[in-house]
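For the sequence shown, my numbering gives the first residue as 976, with consecutive numbering after it.
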Amino acid sequence: MSMKSYTKVIHRHPYHLVDPSPWPLVASIGALSLTFGGVMFMHNYSGGSQLLLIGVFTVLYVMFTWWRDVIREASFEGQHTEAVQEGLRLGMILFIVSEVMFFFAFFWAFFTSSLAPVFNIGGVWPPAGLEVISPWGLPLLNTILLLSSGATVTWAHHAIVGGLKNEAQTSLYLTLTFAVYFTAFQALEYLESPFSISDGVYGSTFFMATGFHGFHVLIGTIFLSICAVRLYFDHFSRQHHFGF
């Protein structure tokens, strides 16, 4: 083997030039399978459920393997310089802005339908003849859980910044507990719901908005679970705790 093979390229800039990775392509294939499988499953096409499961497991597999690579680059190779972290923060800010616009569409549909109800739903909101869920039951409990989880995850962040590992672990585990209970209660709410997504504009807006919100909570739970594992293995410090 020639000495050229051992030559390390030194870049005179603070940016991370990533190595070739299969994960973007595999993630795209998984997302395509997930989308097509979901549509086929909802329309009762043959093979739809199998394709949907393949898509789900592919996306989950890519999530963990891609995270593994990023964690390795950040924690063990020192590739995440201040400039790289700043770029990642900007990317997350833009992603959150896109999420705000995403849910803004659902709120637009809700307020359009509720503030000016049309005659074919009885001119009232909720629509005439539709039994709805009381907001003072499970919805109120889930709201309390959601706000509490926001408080505890903020507590965990400040504990990490303060160098208090045990306190950060306690608050992060408490956050994950709230998240699991939130997801379980929302599933129970769906199972006991007196209406379905096909019950007009009310059912559509309710299940689309709360369903996507619950999906985001589930994804956030996975993210925070990875953060909990990293916190346990001392991947975070007072100066370097990106992603949390």
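Where a beta carbon is used, it is the ideal one built from N, C-alpha and C, also for glycine.
Contacting residues, own chain, Cβ-Cβ under 8 angstroms from residue i (five flanking each side not counted)
i	result
V1034	A1002, G1005, A1006, L1009
H1055	H991, E1048, A1049, L1063, H1215, F1217
Y1207	Q1144
T962	Since the first residue shown for the chain is 976 and the last is 1219, residue 962 is missing from the structure and cannot be characterised.
V1136	R1213, H1216
Y981	With a pLDDT of only 47 at Y981, under the threshold of 50, the placement of this residue in the model should not be trusted; the figure read from the coordinates follows. The answer is none, since no qualifying residue turns up.
Start and end residues, alpha helix (DSSP H) containing residue i
i	result
S1073	1057 to 1090
Y1020	That residue, Y1020, is in no alpha helix (DSSP H); it is neither H nor E in DSSP.
N1117	1113 to 1136
A1143	1140 to 1166
Y1177	1175 to 1207
Buried versus exposed, by CB contacts within 10 Å (16 or more), residue i
i	result
T1226	Outside the shown range of the chain (976 to 1219) lies residue 1226, about which nothing can therefore be said.
Y1020	exposed
S1088	buried
P1101	buried
Q1025	exposed
F1079	exposed
L1120	buried
F1051	exposed
A1162	exposed
D994	exposed
L1069	exposed
S1173	exposed
F1039	exposed
V1037	buried
A1134	buried
Beta-carbon separation (whole angstroms), residue i vs residue j, contact threshold 8 angstroms
i	j	result
I1201	W1042	6 angstroms
F1160	L1116	6 angstroms
F1077	T1180	With 8 angstroms as the limit, F1077 and T1180 do not qualify as a contact, their Cβ atoms being about 14 angstroms apart.
I948	R1205	Residue 948 is absent from the structure shown; the chain starts at 976 and stops at 1219.
S1123	D1044	Rounded, the Cβ-Cβ distance is 34 angstroms, inconsistent with contact.
Cβ shell of residue i (< 6 angstroms), same chain only, five flanking positions each side left out
i	result
L1027	G1012, G1013, F1016
P989	T1056, A1058
I1029	S1008
A1131	A1143, S1146, L1147
G1178	F1170, S1171, I1172
H1210	S1050
ask   = Are the segment 1130 to 1143 and the segment 1180 to 1193 touching by the rule of at least three beta carbon pairs closer than 8 angstroms?
value = no
ask   = Counting Cβ pairs, one atom from each stretch, are 3 or more of them under 8 angstroms apart for the segment 1149 to 1168 and the segment 1117 to 1136?
value = yes
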